[in-house]
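Everything on this sheet refers to the single structure shown next.
Numbering (the working numbering), first residue to last: 117 to 648.
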């Protein structure tokens with residue numbers, strides 16, 4: 117059976133929610149009568165992180181939290197219709213669904229809070245001479261042209277140029293996209309709309325980002341983030357490149373493309389590179405705005421730090437804030453407080469090894485502000501444990517909470533990842549074949565094209581505890597034989613685990629978490645697990 121089971125896609129979100137709410141759940145050991153089961157739906161992009169936290173709080177605190185991942189749009193609808201107690205979404209309410217025309221808004225009072233950060237990635241399936249290509253490099257302009265149908269063959273000169281003149285075989289490119297409304301669709305289309313507006317408008321017929329990526333000729337649409345990864349990694353996936361959350365490719369132990377940043381380095385969406393990138397993210401800081409805490413990523417796209425990953429972003433929790441919300445009770449609000457407090461603190465120490473990046477301290481503080489609204493709605497709710505000084509989030513330096521510790525110790529890229537160098541793990545050369553005339557590169561609006569980067573950085577292995585000296589050689593770079601195709605330690609990928617599905621969520625609600633918890637227990641865990 118595939119690691120990413122398709123069972124969850126056969127059950128609609130509302131059916132799952134209804135089924136879960138009808139189950140009689142025996143109170144587990146350690147659970148308090150102060151708590152009650154809460155149900156949420158939403159982002160598949162963030163699902164692996166959220167389900168990790170669900171497993172953790174069930175095991176450690178006895179909390180009953182059920183989460184299924186039909187996608188951000190469905191999660192927002194479920195919350196708006198009072199079918200759930202919380203939602204997880206990669207973007208805010210849009211007013212109207214661009215595909216169905218249905219209302220994408222709610223009269224239910226709510227608050228957004230930052231929940232999980234990560235990168236949108238491009239897993240691929242490509243072989244040369246019978247050997248898998250594991251170090252493919254692509255620029256933003258090349259990716260834009262691949263996913264809008266302007267580059268259709270792997271031997272295209274633009275791809276060859278990205279890989280320092282090393283050609284790939286003449287083979288048709290098959291882009292694979294999520295057919296549902298998804299975070300990866302939105303994040304990539306937002307990058308295209310902001311950086312290559314003319315190209316995006318000509319292809320999509322719209323000027324703004326969309327959760328639904330238009331499916332063009334020669335492209336494949338699969339349902340869900342797991343569906344995209346299943347197709348790319350299947351026997352029919354030769355020549356494919358997917359658009360997916362990094363977590364799914366990492367957990368499948370599958371290679372993804374390194375993406376060129378504005379410093380002139382090709383990087384991966386590791387927890388470190390995403391943390392560096394998001395130091396340039398802007399958030400709406402007006403509490404009176406309906407878009408309070410929503411992100412603006414324009415400066416992330418142009419971040420000139422050599423470690424930055426281009427397509428970095430974060431997802432949101434959506435929680436109810438009204439004192440008269442008919443869905444909510446004091447025990448439910450207490451469960452949400454305790455679950456979300458853990459998620460933004462100790463739970464952030466879990467996310468790096470499964471393909472995400474911990475939230476920085478400023479976003480943790482903003483999350484606390486929003487979580488506190490559950491107590492504003494009900495004074496019997498206890499929020500006394502929430503404090504950055506008591507928060508086991510790995511980005512927080514208790515001696516200086518203004519510093520993002522993860523970004524400070526993030527390794528510099530190695531020299532062979534520079535533009536006009538490498539690739540670091542080259543494939544066998546193939547004879548170039550004639551190809552059609554290259555389409556003109558799309559011209560960014562305000563974003564300058566990436567330029568060659570700074571001097572040779574230090575190896576990531578030896579730079580974790582210090583600020584890299586650009587004059588230091590990279591002779592201590594990690595041995596490729598000890599890392600997976602995405603330069604993650606083989607023991608830390610979690611590749612033996614299955615993605616949680618709706619079935620897993622139903623078992624959770626029925627008290628049947630033992631098998632999932634046993635699988636989770638294999639994963640290396642952070643040393644500090646207490647919540648705020």
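In this text, a Cβ means the ideal position worked out from N, Cα and C, and glycines have one as well.
In this structure, residue 544 sits away from residue 250, with a CB-CB distance that is not shorter than 8 Å.
Under the DSSP definition of a beta bridge, residue 412 partners with 398. For residue 511, the three-state secondary structure derived from DSSP is coil. Cα atoms of residue 262 and residue 171: separation of roughly 38 Å, rounded to the nearest angstrom. Only exposed fits residue 403, as fewer than 16 other CB atoms lie within 10 angstroms of its CB. Between residue 377 and residue 178, the alpha-carbon positions lie close to 43 Å from each other. In the structure shown, residue 374 falls within a strand segment according to DSSP collapsed to helix, strand and coil. In this structure, the CA atom of residue 276 is about 46 Å from the CA atom of residue 202.
Runs of the beta strand (DSSP E) spanning 3 or more residues and lying entirely within the segment 182-262 occur at 202-205 and 226-237, in chain order.
About 24 Å separates the beta carbon of residue 437 from that of residue 398, a gap too long to meet the 8 Å contact definition.
The C-alpha of residue 356 lies about 11 Å from the C-alpha of residue 268. The continuous stretches of beta strand (DSSP E) do not include residue 471, and DSSP gives it neither H nor E. Between the beta-carbon of residue 359 and that of residue 344 there is about 7 Å, and that keeps the pair under the 8 Å contact cut.
Here residue 230 is buried: its Cβ has 16 or more other Cβ atoms, across all protein chains shown, within 10 Å. Contact between residue 259 and residue 271 is ruled out by a C-beta separation of about 17 Å, above the 8 Å threshold. Contact annotation, residue 389 with residue 423: C-beta distance approximately 5 Å; criterion of less than 8 Å satisfied. The straight-line gap separating the alpha-carbon atoms of residue 307 and residue 427 is approximately 8 Å. The alpha carbon of residue 406 has as its nearest neighbour, out of 158, 149, 228 and 290, the alpha carbon of 228.
Taken in chain order, the complete alpha helix (DSSP H) segments of 4 or more residues contained in the segment 327-387 are 340-348 and 362-367. Residue 275: not part of any beta strand (DSSP E); member of the alpha helix (DSSP H) spanning 273-278, first to last residue. In the structure shown, the three-state DSSP call for residue 487 is helix. Setting aside the 5 residues that flank it on each side, residue 213 is surrounded in the same chain by 189 and 220, each with a C-beta closer than 7 Å to its C-beta; the list follows chain order. Counting along the chain, no alpha helix (DSSP H) covers residue 159, and no H or E run does either.
For residue 448, the CB contacts under 7 Å within the same chain, skipping 5 residues up- and downstream, are 152, 154 and 201 in chain order. In the three-state scheme derived from DSSP, where H, G and I count as helix and E and B as strand, residue 406 is classed as coil.
At the C-beta level, residue 233 and residue 474 come within 8 Å of one another.
Residue environment analysis places residue 331 among the exposed positions, since fewer than 16 neighbouring C-beta atoms fall within 10 angstroms of its C-beta. Annotation: residue 293 is outside any alpha helix (DSSP H); the continuous beta strand (DSSP E) that includes it extends over 290-294. Distances from the CA of residue 513 to each of 379, 480 and 394 were compared; the closest alpha carbon is that of 480.
Residue 341 and residue 362 have their alpha carbons spaced roughly 10 Å apart. Cα atoms of residue 223 and residue 502: separation of roughly 29 Å, rounded to the nearest angstrom. Secondary structure at residue 317: helix, using DSSP grouped into helix, strand and coil.
If you draw a straight line from the Cα of residue 257 to the Cα of residue 313, it comes to about 12 Å. Within a 10 Å sphere around the beta-carbon of residue 322 sit fewer than 16 other beta-carbons, which makes this residue exposed. Nearest Cα to residue 425 within the set 192, 526 and 298: 526. For residue 539, the three-state secondary structure derived from DSSP is coil.
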